[in-house]
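The structure under discussion appears below in the form of structure tokens.
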Amino acid sequence: MNLQFPDKIANYRRLPCLDGLRCISVLLVLIAHSEDVSHYPAALAKITRWVPPGTTGVQAFFVLSGFLITFLLLKEKLKHGNVSLKLFYVRRALRILPAYVAFLIIIGIIAAFAPLAISGSSWFALITYLVNFMEVPKIAEHVWSLSVEEQFYLLWPFLFWLFLVKSEQTRKAFYVLLIPVVLGPICRHLGSLDEHSVLFGEKSFFTHFDSLAYGCLLAFAFGFRAKCVETVMENRKWPVFIGALLLIFIPHLLIVVEKLEVITTPLASSFSAFGIALLVGFVLFHPRFFAVSWLEWKPVALIGVWSYSIYLWQQIYCSPPESYGFNGSPRFLVFPYWLAPVFATSITSYYLVEKPFLRLKSKVGTRK
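Read in order, the letters of the sequence shown correspond to residues 10 to 377 in my numbering.
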């Protein structure tokens, strides 16, 4: 199979609307976690229960991550004829680790002066990205999603190199990506049979790795089925857009009304991941479409740029006040005021910690 991207995609200097999608994703997480914060209005909860949950926001991060990582690997192969795994992991480390290390240092300081207890096994899980398989305090529970991503990227870049660079077996690489797509629903079903399952629990690698695979498959479709993708996206604009939204929303609505659980338990995540992948493809082809053009609005895109920091730091402010030695909830830990320190901390982290390393990443992680 020949590697060639659709002309519209190949000509982009910066992929449009993706920061806007990140903004939506992190806002879904903040809405979900607001329910854990004191003073969250019951009337508002009745409304937000119909909004896709925080897990859908995390799932969107997975799909976007899988797509971008694979898209960049394919571009590198197209330009250089091979890929550098060393540079891949250098880029990944410079993107993820600086803010994450800062987060670990801060929660370590908090634990030293507050009742918050972080056990040795929890520190091990946090340092090795095994939070999705081990117990950690609520202040760090959200690292499960980062753990899923890092575990995926220990495997996928090597398999990409093995099948697309070393042996030029594109079809086998495609089949490898189908494995999570097939196994994901099975693992979720197995997890539903045992609520205490570690291997197939709700935060397990095996119940979420298909979301990343859907993003990877979207990049493959762009790279190896460019004409087909272009035809569908240009000639079936409305069906693709409406279909993507239905795939994202209907499974959640069925879960809310507790219908068809035999289907939604294993497959709701599959449907929404596929819908998110379709939506990503759609916005890349139609960034000026009236229903998605607002994703490029600067304030929206800016929140998307900050989204990793927001996701990382927000957990500190929605954890139980007792963890910090408070008898009640101080004003900055109640709804909606908790969002102010979330954004203040996140913006500070982005510009003081993340951005300098992102500049370094663009210098040392780019092939000439």
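Heads up, the beta-carbon is just placed ideally off N, CA and C, and yes, glycines get one too.
Boundaries cannot be given for residue 266, as no alpha helix (DSSP H) includes it and DSSP labels it neither H nor E. Taking C-beta atoms as the reference points, residue 70 and residue 43 fail to come closer than 7 angstroms.
In the DSSP assignment, residue 160 falls within the alpha helix (DSSP H) that extends over 152-169.
For residue 213, the three-state secondary structure derived from DSSP is coil. Listed in chain order, the non-local C-beta contacts of residue 135 below 7 angstroms within the same chain comprise 113, 145, 149 and 152, local neighbours out to five positions each way being set aside.
Judged by their CB atoms, residue 125 and residue 118 are not nearer to each other than the 7 angstroms cut-off. Between the beta-carbon of residue 249 and that of residue 287 there is about 6 angstroms, and that keeps the pair under the 8 angstroms contact cut. The count of Cβ pairs closer than 8 angstroms, one atom from the region 23-42 and one from the region 240-254, stays below three, leaving the stretches out of contact. From the listed residues 277, 27 and 141, the smallest Cα separation to residue 190 is found for 277. It is roughly 9 angstroms from the alpha-carbon of residue 281 to the alpha-carbon of residue 259. Looking at 58, 129, 335 and 226, the one whose alpha-carbon comes closest to that of residue 264 is 58.
When the five nearest sequence neighbours on each side are left out, no beta carbon in the same chain lies closer than 6 angstroms to the beta carbon of residue 204. Short of 7 angstroms from the beta carbon of residue 17, and not among the five residues preceding or following it, lie these beta carbons of its own chain, in chain order: 294. In the structure shown, residue 316 falls within a helical segment according to DSSP collapsed to helix, strand and coil. Distance from the CA of residue 157 to the CA of residue 299, rounded to the nearest whole angstrom, comes to 34 angstroms. For the 7 angstroms CB-CB criterion, residue 12 and residue 87 form a contact.
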